[in-house]
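Numbering (our numbering), first residue to last: 607 to 1103.
What follows is the structure, given as structure tokens:
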């Protein structure tokens, strides 16, 4: 555990900023003029009914509007000679004009839901060279957004002029780095799920598997925008799923931490769930909802871990530090919560949980081994006590007669096929008609199988040493030296301690 602070720093150094959506080398519309005018006729943008605002304040939801913007031709575009494209990313259907020339339509904007045909969320319109101005370019967009059941705070993501390319493919390129955390998350989900099959505390492992699976599902939902050019109504379902998986991730993480460090875990989890759902519901914007769905339970879990650390509970302090780092990353990059950076943070957190769980497993195995050794020693002591009170008599069948020999008098037994050579402490030997396995079941617990062919009375053991060949040599007080197989040597050494 001393190396855990270094491990935390190494894991969280995986986090790297990435902008999945913004297009470089393009000119973006910043300030636009909006007219609430219906129909295909271009309105008078100087009329009192038109307003000037930032592009991200444009809202075509439930209405039909006209938008006028001005952008400069990017110098790099003119120098490269590449085909030009006008990009519109918005929850809307649109028709686009560049410098008075009609470029095309994305869906069909209209004044009513019945008349509108939804367009793609991310669209590009080819701009012929003759339509480009040497410096300024006037963009006119007719927009409407009547389909769907949700109202977004910022339905227009960008309006830009740049080199022509498929916007969906460019978005996907921005998400390629997320393949690394996706692999970590899936591996974590499988590891924790498989570990829960044979573990004692199944619920904690199931919760960790759910944490990894929810984060992986959220990542796939986020990347979906770069996988297919979906129509804008699908964007609502995508954002709802992102919030849903964020809730599952956050609440599963909180449930795991509370199950690990609290006794009245159910009561505290219900309180944390109520706080998470409430903060998510009242958050503005779906990015904000998704962020709070993770940040609220993470913050509460960190608090629980630090309180447990004051009680000196194992792993509580490193849990609190890891959760604080994870939540701090969300606070530090609030506008990029759903970017690749979040999934690197999540992958680092899952790796941390993997390491702490592995350490916990190792300690649990060591504890079980210690308890098993103590139980074996206790059982041996009890058997020896019973043996002293009522000595066990072993029936030795040999040469047509049966001899009764006290088990305590036997030094060791050597198997020889269907016979067993029994050697007593005084050196006498008997040839028993039976197998070593059958005799092993009759002898008390003081006798230990040290080789496939040998049973020894552990009360007579004087020393155990390892030969250069790797096998062991067990010396008895009777003077006999018994071989111990390489495979059984660790078990014999443990049993004799």
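Every residue gets a Cβ at the ideal spot worked out from N, C-alpha and C, and that includes glycine.
If distances are taken between C-alpha atoms only, which option among the options comes closest to residue i?
i	options	result
residue 832	781, 848, 843	781
residue 1026	1038, 792, 1018	1038
residue 916	1024, 672, 868, 1097	868
residue 1004	718, 694, 1035, 690	1035
residue 1006	1040, 1020, 973	1040
residue 935	720, 866, 951, 887	951
residue 690	769, 840, 1077	769
residue 811	960, 1033, 907, 937	960
residue 695	744, 687, 767, 718	767
residue 1016	1086, 958, 659	1086
residue 1031	632, 1084, 973, 892	1084
Within this structure, are the beta carbons of residue i and residue j separated by less than 8 Å?
i	j	result
residue 585	residue 1090	The structure shown has nothing for residue 585, since the chain only spans 607 to 1103.
residue 898	residue 889	yes
residue 651	residue 637	no
residue 747	residue 702	yes
residue 863	residue 762	no
residue 1022	residue 1049	no
residue 848	residue 896	yes
residue 1064	residue 1054	yes
residue 700	residue 725	yes
residue 662	residue 760	yes
residue 670	residue 715	yes
residue 798	residue 824	no
residue 1082	residue 1070	no
residue 704	residue 692	yes
residue 924	residue 962	yes
residue 675	residue 635	yes
residue 907	residue 929	yes
residue 1018	residue 1061	yes
residue 882	residue 857	yes
Use the C-beta contact count for residue i: other C-beta atoms within 10 angstroms, 16 or more gives buried, fewer gives exposed.
i	result
residue 1096	exposed
residue 1043	exposed
residue 707	exposed
residue 728	buried
residue 921	buried
residue 732	exposed
residue 904	buried
residue 808	exposed
residue 685	exposed
residue 1008	exposed
residue 753	buried
residue 787	buried
residue 630	Because residue 630 sits at a pLDDT of 49, beneath the cut-off of 50, its placement in the model cannot be relied upon, and the following sentence gives the value as read from the coordinates. Classification of residue 630: exposed, given that the 10 Å Cβ count is below 16.
residue 855	buried
residue 969	exposed
residue 976	exposed
residue 866	buried
residue 893	buried
residue 937	exposed
Taking the continuous beta strand (DSSP E) assigned at residue i, which residues delimit it?
i	result
residue 838	First-last for residue 838: undefined, no H or E at that position.
residue 710	707-712
residue 581	In this structure the chain extends from 607 to 1103, so residue 581 is not present and cannot be described.
residue 1037	1035-1039
residue 657	656-660
Taking 7 Å as the cut-off, is the C-beta of residue i nearer than that to any heavy atom in the ligand ADP?
i	result
residue 1066	As presented, the structure is devoid of all ligands, the ligand ADP included, so that no description of it is given.
Give the range of the alpha helix (DSSP H) segment to which residue i is assigned.
i	result
residue 818	808-829
residue 1097	1095-1102
residue 886	871-888
residue 684	681-686
residue 930	922-938
Compare the C-beta of residue i against all C-beta atoms of chain B and say whether one is closer than 8 Å.
i	result
residue 755	No chain B appears in this structure, which consists of one protein chain only.
Report task. Examine the Cβ distances between the region 766-778 and the region 827-847 and report whether three or more of them are shorter than 8 Å. Result -> Verdict: yes, contact present.
Query raised in the report: Per the contact definition of three or more C-beta pairs closer than 8 Å, is the region 679-687 in contact with the region 737-745?
Result: Yes, the region 737-745 touches the region 679-687.
Requested in this report: Count the CB pairs spanning the region 870-880 and the region 790-797 that are closer than 8 Å, and state whether there are at least three.
Outcome: no
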